[in-house]
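Undergrad:
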Amino acid sequence: MNIVVVGGGIVGTMHAFFAVQRGFRVTHIEREDEARGASVRNFGLVWISGRAPGGDLELALRARHLWEKVAADVPDVGFRPNGSLTVARTSAEVAVLEEVARAPEADRRGVRLLDRREAQRVNPALHGEFSAALHCVQDGAVEPRKAVRAIQTWLRRRETYTWLPGREVVAVSDHAATDDRGETHRGDRVVLTTGAWHRGMLARHTAGVRRVRLQMLETEPYGETLTTSFADGDSLRYYPAFDVPALKGLGAQALIARQHHMQLLVVQRLDGSLTIGDTHAYDEPFDFDLDEQPYAHLLATAEQILGRRLPPVRRRWAGVYSQLRPGASGLYHRTTVAPGVVLVTGPGGRGMTCSPAIAEETLAP
Ligand SMILES: Cc1cc2nc3c(=O)[nH]c(=O)nc-3n(C[C@H](O)[C@H](O)[C@H](O)COP(=O)(O)OP(=O)(O)OC[C@H]3O[C@@H](n4cnc5c(N)ncnc54)[C@H](O)[C@@H]3O)c2cc1C
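Position 255, counted from 1, in the sequence shown is what UniProt numbering calls 255; the numbers after and before it change by one each time, with no gaps.
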């Protein structure tokens, strides 16, 4: 079987990886020299704790298992099963976590409610303000700035894999993709994993998805080890796992957090630095500026929970992902564009997590 994969982000790279593992020949086309989109700009969280019960959770759990398998072949993706703590700082947030910890799927999700002292035994770096935390042992992390490149380095050693960077696919036809040099690449299947590119030849096929812009930052190495990633109570408002009756009791979010649709997520990189985010903007055209006010809120909230000053910020950036529109059915966007040509995008804020399972679904016989 010959597969043409268009798009060198994590979704396309996982398609290429599992296709080569199945013995298929793969031609992999990317318009940039290497991935520059959401796949290298994210937290690298393999995040199970937030997924909705049912198909969403099962997709993420399958993906987590596959990430472990990928890491066995490609250790440089940096997968570690470090778990997470979602901390509660108000009684209303504790009530939400209690319900989630009592839900039928809690064991499968790997969550347990801990009081402050128990949470500090799990992650002694949390010295600051919080009263309880939901511990998820299934959550993990990878290194987003390295993972895609590491998998592609592994792939490029295989004679069944051809990497074609610097080519933009401008047209598709039956079982074929044509690039901007006029070369046509034919395959038994063509898979378009073009991320948040919703225009041009794909405009007719992307009505079901929207784009979301996020702001992020990374500090210099933090002088203490975070044994888990952590999230604040604002994350309860964003992840479907927390959509329980007690959620209505949360009350208003801080104004700046509400204006920028914010939550706090913190993950420690392997070099000790902290990746911190995020904001969500849904209305286009997106700002081209990085806005300082939400950053100040994120840094202050992280310091309150850590109970310590953060080191200097070493970089800030924004990223854009493709997400199913609210109310759309399914877990991501998969649509046939031409005979033998499928578009796979729209995994939203869980694309890094779910990419291996999404690839397996495409490649299933
Ligand atoms: C700030 C941020 C934080 C996030 N945090 C997390 C997280 O912690 N965990 C998680 O699970 N998910 C997270 N996500 C979501 C996740 O990063 C995305 O869902 C995922 O990276 C999407 O991967 P992709 O390969 O579809 O898209 P992309 O990474 O955008 O890759 C698409 C590629 O296709 C190429 N391309 C497009 N059009 C063409 C063309 N015509 N021809 C050739 N090449 C083309 C582009 O150049 C690009 O390299 C986050 C996203 C952002 C932005």
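The beta carbon of each residue, even a glycine, is placed where N, CA and C say it ideally should be.
Nothing here was measured: the structure is a model prediction, and the numbers come from that model.
Is any heavy atom in ligand 1 found nearer than 7 Å to the beta carbon of I10?
TA: Yes, ligand 1 has a heavy atom inside 7 Å of this Cβ.
Undergrad: Please report the distance separating the alpha-carbon of A103 from that of P53.
TA: When the Cα atoms are used, A103 and P53 turn out to be separated by approximately 9 Å.
Undergrad: Are the stretch 293 to 312 and the stretch 325 to 333 touching, with three or more C-beta to C-beta distances below 8 Å?
TA: no
Undergrad: Is D278 near ligand 1, judged by its Cβ being under 7 Å from some heavy atom?
TA: At least one heavy atom of ligand 1 is nearer than 7 Å to the Cβ of D278, so yes.
Undergrad: Looking at the unbroken alpha helix (DSSP H) that takes in E292, where does it start and where does it end?
TA: Secondary structure note for E292: its alpha helix (DSSP H) is the uninterrupted segment 292 to 306.
Undergrad: Considering Cα atoms alone, identify which of A150, L57, T335, G208 is closest to V40.
TA: A150
Undergrad: In the structure shown, what three-state DSSP assignment does T353 receive?
TA: helix
Undergrad: Quick check: the stretch 279 to 293 against the stretch 219 to 236, are at least 3 beta-carbon pairs closer than 8 Å?
TA: no
Undergrad: Compute every distance between the C-beta of T228 and the non-hydrogen atoms of ligand 1, then say whether any falls below 7 Å.
TA: no
Undergrad: Return helix, strand or coil for T153, following the three-state DSSP convention.
TA: It is helical.
Undergrad: Helix or strand or just coil, what does DSSP make of G223?
TA: coil
Undergrad: For E30, name the three-state secondary structure that DSSP assigns.
TA: strand
Undergrad: Taking all protein chains shown into account, do 16 or more other C-beta atoms lie within 10 angstroms of the C-beta of D188, making it buried, or fewer, making it exposed?
TA: exposed
Undergrad: Within 10 Å of its beta-carbon, does Y282 have 16 or more other beta-carbons around it, so buried, or fewer, so exposed?
TA: exposed
Undergrad: Could you tell me if P347 is buried or exposed, where buried requires 16 or more neighbouring beta carbons within 10 angstroms of its beta carbon?
TA: buried
Undergrad: What three-state label does DSSP hand W163 in the structure shown?
TA: Shown here, W163 sits in a strand according to DSSP, grouped into three states.
Undergrad: Which whole runs of the beta strand (DSSP E) in the stretch 70 to 112 are 3 residues long or more, in chain order?
TA: List check, beta strand (DSSP E) in window: 84 to 88.
Undergrad: Identify whether S131 lies in helix, strand or coil by the three-state DSSP scheme.
TA: Coil.
Undergrad: Should R109 be flagged as near chain D, meaning a C-beta pair shorter than 8 Å?
TA: Protein chain content of the structure displayed is limited to a single chain, and chain D is not contained in it.
Undergrad: Excluding the 5 residues preceding and the 5 following A60 in the sequence, name in chain order all residues of the same chain whose CB lies nearer than 7 Å to its CB.
TA: I48, R51, R350, T353, C354
Undergrad: D278 and Q323 - do their beta-carbons sit closer together than 8 Å?
TA: no
Undergrad: For the putative contact between V142 and V342, defined by C-beta atoms under 8 Å, what is the C-beta separation to the nearest angstrom?
TA: So it is not a contact: roughly 25 Å between Cβ atoms.
Undergrad: Report whether the distance from the Cβ of L57 to the nearest heavy atom of ligand 1 is below 7 Å.
TA: no
Undergrad: Less than 8 Å between the C-beta atoms of E99 and P294, yes or no?
TA: no
Undergrad: Should E183 be listed as close to ligand 1, given that the test is whether its C-beta is under 7 Å from any heavy atom?
TA: no
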